[in-house]
Amino acid sequence: MISDIGLVALSIAFLFSVYGTIVSAYGGLRNRPAWVESSRNASLLVFPLLSISVLVVVYNLYVLDLSQAYVADVASRAMSTFLRVTALWGGQQGSILFWAWIMSGFVAIVLLRKWERDRELMPYVIAVSMLTTTFFVGVVVFITNPFARLWHVPGAADLTTAVFQPANAMPYIPEEGQGLNPLLRHFGMIGHPPTTYIGFTGFVIPFAFAMAALIAGKSQEDEWIRTTRRWTLVAWIFLTIGLILGGRWAYDVLGWGGFWGWDPVENAMFMPWLTGTAFLHSVMMTEKRGMLKRWNMVLIILTYALTVFGTFITRTGVISSVHAFSKSALGPAFFVFIGLTFIGSLSLLFYRWDAMKTEHHLESFFSREAAFVLQNMLFLAIAFAVFWGTVFPLLSELFTGTKITVGPPYFQKVTGPLFFALLLLMGIAPLLAWRKQAAHSLGRAMLLPFAASLGITAIWGYSHRMHPASIFGLWLVSFVLMSILTEFWKGVRARMQGRGENLLVALSKLIGRNHRRYGGYVIHLGVVMIALGVIGDAYLKQETQGALTAGQSLTVAGYSLRFEGLKSYPGTDGREVIEADTTLFKNGQAVRRMQPRRDFFIVQEQPVTVPAVYATAGTDIYILLLAWQDDGRSATFKIYINSLINWVWAGGVIMMLGTLIAAWPPRDGQKETTYQLRPQVFGPQPSTGD
Amino acid sequence: MAENAQVQAGAQPTPEANPQSRWTRTGVALAFGIVLALLSLLAWGLKKAQAGPVDSGLAPDFSLTGFDGRTVTLSELRGQVVIINFWASWCPPCREEAAYLEQTWRKYKDRGVVFIGVDYVDTNKEALAYIQEFDITYINGPDLGTRISQDYNIKGVPETYYVDKKGQLRGVQIGPLKAPELDQKIEELLAEPDPAN
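In the order they appear, the protein sequences are chains A and B.
Residues 526 to 1215 (our numbering) make up the first sequence, in order.
Residues 3 to 199 (our numbering) make up the second sequence, in order.
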């Protein structure tokens, strides 16, 4: 009964989405405000309707209604209530419904905003965003319906999953559910899908505005960029958090001591992040100098296409991946959708190509503008390299008949230097002036950060002389760090001297006066911290492995691990735990008892390796229990010494903080300082035709 | 209102009327060509992905030359239980199962069980270091031209295929093996009668 309500709400939501898409487009093209208003109302209703569906699925999971195929698939009695509720996005049906729901929520927020400034864009914003919503809701209704039930057809070996009763079929209600994949029972995997989905769907909004500007012939004006700036930032930071949570999950759960494996599924999420980050920067050029208008369009189209492509890869297994994937009718549906939207948006772009003219040309290769262009090129180059590596197995199989998978060494070798260049640019670009930069003043500005970074590197180089490869990386990181801190210091010092403020007041007022600029610098600080973590992972990692009998020790990098004994006991959530008791010593001193475990989930017949981690500010000691003798007298361990890895997580938090600062609305009456420089204010508008 | 829209539309430069340069047109054609090529590639990949992995029927035959020069041919191993493990030195989950695989091999090697390690897309230097690190003693060799991987339609590494005494595929483990599933599977296959007797 309750499920029927969910199903009906879902079906009505689909009809309203279709209505909203078609009627808004018609109303816009024929200039019928009443039609547009009607489509807006219909589109607004999709969110509450999908909310009902989502609530019903959550309720079914909560009460463990095993007549529902989805519930039987992802939930079980042994799971806690919290885990059961989060199973909403633990399986395919639920996660696509969840996606559609977030998408409709974004659309609702957009539609409820004030539309005075860009009213002529509204019909097409509705049409484009609702087209995307319609696709996802349609997939939920017709392909992976979370309200399907299990049926037993007499004579058939397998159970049938269907929404409506097949002929002669009897409803089948299993005694117990399968339960959520044990690997997904981790805070990273509970937080990773929602944040990723918010990031992915969030980019649909700037895309919808961009397409609307193209359709309405307003692409020469940059209104759409100003309207969507915060949307882009929100989408971007959620995608960033999603990436970091995914990495944290891999580190804690997959048990190979790392956080990034260049797997196609990881790459699928990384590519839209790369193009999205490029877009975030290139729109600044348009706002400040009226340049790169066409380029922005290219970037937002790419980002949108890559977000859909990412879901396509994850959900269909087109490209082989170490990740498990699920096979279904989803593949063809996604394929058609990607094809139509990609070709459609490119056609629109080329149709308006000549109308989008740059207002300024590059005056010097030694300028902030040139740095932005170079930065965009680097981001695109990385995205292309990642894309190439991801689809390479397909390409090689097509042309040579041999499937060649490029492993992490390819990605590291190709993107490594590009990332280094990008970091360097991050240190220099903020010192460059707009339009033209005199070489000697740039040299003066760089002198202090450069000298300071050399000092830090000398100290580092001395203590890490056995890892010479890390020294260059560290110099780069410390140079960028010093360059950002110098920017803060210059602003703070000016306020302290000019207005007699103390350090803290000056700092908070400095940031308060220009959220965007200093928020951006804080984000850059977060990036520097993550870069430090990556350097640690790439150059300083140490590992060892060995079988120990009770009382024996395994030693690596000044740490040694003594095996004390093995025990097994029944754990929570339906698992049997094998736990090794060990003691960690540093330079002969006992530091802590550590219990690496192997949890065996009985219903799913799946083992999960749970590492024991001793975290210090600089280093993680990461211990895995690999194997053991049944008598419990000996066991095999693996120890990783992961230097600096915690900087990755800390950097993520700083990036969130920076984004919050950058997106914070300016106080009343305070102008967004970025707009003051716009040259059109002083001169006649360049002729755009209207 | 409609009139107003007409005026607006009329005042705008109509892109068709603009003489597009040959370069622009070539660029547009090129962009669409790339997009279409990509889409065809995806369509082809999708079609293959829907086919799924091979996990039953007669195991595809192959010969493998190991890093140590030994050669093994699957069809000559009838009457023995064969474990085919696809791995690579760059694959972190493979490291997770390496110790367990070797340990199980040593336990069963005198009981009519053969382990074959197929090294998928790797470099010899790294692969040899990996074999040395885990002290692997069963035969391991590179999958030249990824022919074996393609016959088995593997989706990634690690993957382990179980072949019974009759040379039939009896299941596949996608992802790393965990104790004691390999032991259980081997015991199950060893318990079956030998077709030669």
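Backbone N, C-alpha and C define an ideal beta-carbon position, used for all residues, glycine too.
Keep in mind the model is a prediction, meaning the values are calculated, not measured.
Buried or exposed: which applies to residue i, given that a residue is buried once 16 or more other Cβ atoms fall within 10 Å of its Cβ?
{"i": "K1092/A", "result": "exposed"}
{"i": "Y649/A", "result": "buried"}
{"i": "G71/B", "result": "exposed"}
{"i": "Y987/A", "result": "exposed"}
{"i": "V632/A", "result": "buried"}
{"i": "I984/A", "result": "exposed"}
{"i": "E641/A", "result": "exposed"}
{"i": "Q1077/A", "result": "exposed"}
{"i": "G59/B", "result": "exposed"}
{"i": "W25/B", "result": "exposed"}
{"i": "F88/B", "result": "buried"}
{"i": "L636/A", "result": "buried"}
{"i": "Y1094/A", "result": "exposed"}
{"i": "T925/A", "result": "exposed"}
{"i": "S528/A", "result": "buried"}
{"i": "D590/A", "result": "buried"}
{"i": "P696/A", "result": "exposed"}
Within the 7 Å Cβ cut-off, does residue i reach chain A?
{"i": "P94/B", "result": "yes"}
{"i": "G1/B", "result": "Summary: the structure shown does not reach residue 1/B, with chain B confined to residues 3 through 199, and so no result is reported for it."}
{"i": "A193/B", "result": "no"}
{"i": "V30/B", "result": "yes"}
{"i": "K187/B", "result": "no"}
{"i": "A181/B", "result": "yes"}
Using a Cβ-Cβ distance cut-off of 7 Å, determine whether residue i contacts chain B.
{"i": "L919/A", "result": "yes"}
{"i": "G786/A", "result": "yes"}
{"i": "F661/A", "result": "no"}
{"i": "F860/A", "result": "yes"}
{"i": "E559/A", "result": "The question names Glu, yet the displayed sequence has Ala at residue 559/A. Chain B contact via Cβ: absent."}
{"i": "L1151/A", "result": "yes"}
{"i": "G815/A", "result": "no"}
{"i": "S846/A", "result": "The pLDDT assigned to S846/A is 45, lower than 50, so where the model puts this residue is not dependable; a value taken from the coordinates is nonetheless given after this. Closer than 7 Å: yes."}
{"i": "F667/A", "result": "no"}
{"i": "F867/A", "result": "yes"}
{"i": "P1132/A", "result": "yes"}
{"i": "F631/A", "result": "no"}
{"i": "G914/A", "result": "no"}
Would you kindly check if the distance between the Cβ of residue j and the Cβ of residue i is under 7 Å?
{"i": "A760/A", "j": "G724/A", "result": "yes"}
{"i": "V548/A", "j": "S564/A", "result": "yes"}
{"i": "S978/A", "j": "W1000/A", "result": "yes"}
{"i": "L569/A", "j": "A538/A", "result": "no"}
{"i": "R1020/A", "j": "L1035/A", "result": "yes"}
{"i": "T1074/A", "j": "R1158/A", "result": "yes"}
{"i": "I826/A", "j": "F804/A", "result": "no"}
{"i": "V729/A", "j": "S654/A", "result": "yes"}
{"i": "L1109/A", "j": "V1102/A", "result": "no"}
{"i": "T753/A", "j": "F734/A", "result": "yes"}
{"i": "L32/B", "j": "G864/A", "result": "no"}
{"i": "Q617/A", "j": "P671/A", "result": "no"}
{"i": "M1119/A", "j": "A1137/A", "result": "yes"}
{"i": "M951/A", "j": "V1005/A", "result": "yes"}
{"i": "V1252/A", "j": "P718/A", "result": "Coverage of chain A is limited to positions 526 through 1215, which leaves residue 1252/A absent and any answer about it impossible."}
{"i": "P691/A", "j": "W787/A", "result": "no"}
{"i": "A101/B", "j": "T930/A", "result": "no"}
Name the DSSP beta bridge partners of residue i, please?
{"i": "F1125/A", "result": "E1101/A and P1132/A"}
{"i": "G1071/A", "result": "F1162/A"}
{"i": "Y1084/A", "result": "V1081/A and K1111/A"}
{"i": "L1149/A", "result": "K1163/A"}
{"i": "S1093/A", "result": "I1103/A"}
{"i": "R755/A", "result": "The partner list for R755/A (beta bridge, DSSP) is empty, contrary to what the question assumes."}
{"i": "Q900/A", "result": "Bridge partners of Q900/A: none, in fact."}
Does the ligand MN have even one heavy atom less than 6 Å from the beta-carbon of residue i?
{"i": "T125/B", "result": "Annotation note on the ligand MN: not contained in the displayed structure, which lists no ligands."}
Counting only Cβ-Cβ distances shorter than 7 Å, please list the residues of the region 38-52 of chain B near chain A, keeping chain order. Flagged, chain order: L41, L43, L44, A45, W46, G47, L48, A51 and Q52.
Of all the residues that make up the region 101-130 of chain B, which are near chain A by a beta-carbon distance shorter than 7 Å? Listed in sequence order: A101, Y102, Q105 and V123.
Could you run through the region 1074-1092 of chain A and flag, in chain order, every residue whose CB is less than 7 Å away from some CB of chain B? If the cut-off is 7 Å between Cβ atoms, the region 1074-1092 of chain A has nothing near chain B.
Near-chain B residues of the region 1152-1184 of chain A - C-beta to any C-beta below 7 Å: Going along the region 1152-1184 of chain A in chain order, one finds A1152 and T1161 with a Cβ nearer than 7 Å to chain B.
When Cβ atoms are compared, which residues of the region 61-89 of chain B fall closer than 9 Å to chain A? If the cut-off is 9 Å between Cβ atoms, the region 61-89 of chain B has nothing near chain A.
Scan the region 746-772 of chain A for residues whose Cβ lies nearer than 9 Å to a Cβ of chain B and list them as they occur along the chain. The region 746-772 of chain A vs chain B, Cβ under 9 Å: nothing.
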